[in-house]
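S.K.:
Protein chains in written order, with our numbering: chain A, 1 to 114; chain B, 1 to 115.
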């Protein structure tokens, strides 16, 4: 069974631009969560989607948004990029109801903002 | 609000030895889950072990075991017979069923296993 796939793996943007990251969950997993990982702040929860609905959201500004498609694939978007948005963005999928926090992570998308 | 604290930023252990990573957390909830996740260098994060708060028995997965002290809000990870492949950053994480998809992570402990 294929794991969680994130694309692109690496990208470089400049301040003010926007970026879209993609995540394909494990087949059969309907919940997708996104996390931001930085050396200073550690791992912080962005949002979680289930059946195309955002069920939970972390404490991030409105520049961070996401969506989930009917095939459970998810995208997150960051608009008006700031230097502080440089981070590893991790996507994780789970079976949702029965998983109770057991998340399967992708390798991440490393974003550098110049 | 829940918080998770890992007080050991870095640790090292000799191959085949035993090491314990510490984690404390704070919550007013009674039913929750605790996890240890492992993030090897440049590789994806994987689940090491899970503990349900309502279970008194400490979880064990092969060489990995936990010491769960609910009253003290402590959740340490013991790695026995350490192997070079155990070199990674280890994160302690807290989960509430009502907070779907949201793991609250500690700052992590970088563990190096030396040959």
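Don't be surprised by glycine CBs; every beta carbon is placed ideally from N, CA and C.
It should be emphasised that the depicted structure is a prediction, and the values quoted were computed from it without experimental measurement.
1) If the cut is a Cβ gap below 8 Å, which residues of chain B does residue 48 of chain A touch?
2) Under 8 Å, with one C-beta from each stretch per pair, do the region 4-14 of chain B and the region 51-70 of chain B reach the 3-pair mark?
3) Which residues in the same chain have their Cβ closer than 7 Å to the Cβ of residue 63 of chain B, if we skip the five residues on either side of it in sequence?
4) Residue 13 of chain A bridges to which residues according to DSSP?
5) Is the number of C-beta pairs between the region 63-77 of chain A and the region 63-78 of chain B that are closer than 8 Å three or more?
6) With a threshold of 7 Å on Cβ separation, who are the neighbours of residue 83 of chain B within its own chain once the five nearest residues in sequence on each side are excluded?
7) Just grab the DSSP bridge partners of residue 33 of chain A for me.
8) Any C-beta of chain A within less than 9 Å: which residues of the region 79-98 of chain B qualify?
9) Does the beta-carbon of residue 26 of chain B have 16 or more other beta-carbons within 10 angstroms, so that it is buried, or is it exposed?
10) Based on DSSP bridge pairs, tell me the residues matched to residue 67 of chain A.
11) Residue 84 of chain A versus chain B: which residues are under 8 Å apart at the beta carbon?
12) Residues in the region 23-39 of chain B with C-beta within 7 Å of chain A's C-beta atoms, listed in sequence order?
13) Whose C-beta lies closer than 6 Å to the C-beta of residue 13 of chain B among residues of the same chain, with five residues either side of it excluded?
14) Measuring only the C-alpha atoms, how far is residue 102 of chain A from residue 45 of chain B?
15) Mapping DSSP to helix, strand and coil, what is residue 111 of chain B?
16) Taking a cut of 9 Å between CB atoms, which residues from the region 38-66 of chain B lie near chain A?
17) Candidates A:80, A:77, A:12 and A:91: which alpha carbon is nearest residue 35 of chain A's?
18) Unbroken beta strand (DSSP E) runs of length 3 or more, entirely within the region 29-76 of chain B: which are they?
19) Counting contacts by CB-CB distance shorter than 9 Å, is residue 105 of chain B in contact with chain A?
20) State the start and end residues of the unbroken beta strand (DSSP E) segment that holds residue 26 of chain A.
21) Would you call the CB atoms of residue 34 of chain B and residue 94 of chain B closer than 9 Å?
22) Determine whether the Cβ of residue 55 of chain A lies closer than 9 Å to any Cβ atom of chain B.
M.R.: In short:
1) 100, 101 and 102
2) no
3) 79, 80 and 81
4) A:113
5) no
6) 15 and 113
7) For residue 33 of chain A, DSSP records a beta bridge to A:48 and A:92.
8) 91, 93, 94, 95, 96 and 97
9) exposed
10) DSSP lists A:75 as the bridge partner or partners of residue 67 of chain A.
11) Per Cβ cutoff of 8 Å: no residues; residue 84 of chain A is ~18 Å from chain B at best.
12) The residues in question are 33 and 35.
13) 19, 82 and 113
14) 11 Å
15) DSSP places residue 111 of chain B in strand when its eight states are reduced to three.
16) 39, 42, 43, 44, 45, 46, 47, 50 and 52
17) A:91
18) 33-39, 46-52 and 64-69
19) yes
20) Premise fails: residue 26 of chain A is in no beta strand (DSSP E) and is neither H nor E.
21) yes
22) yes
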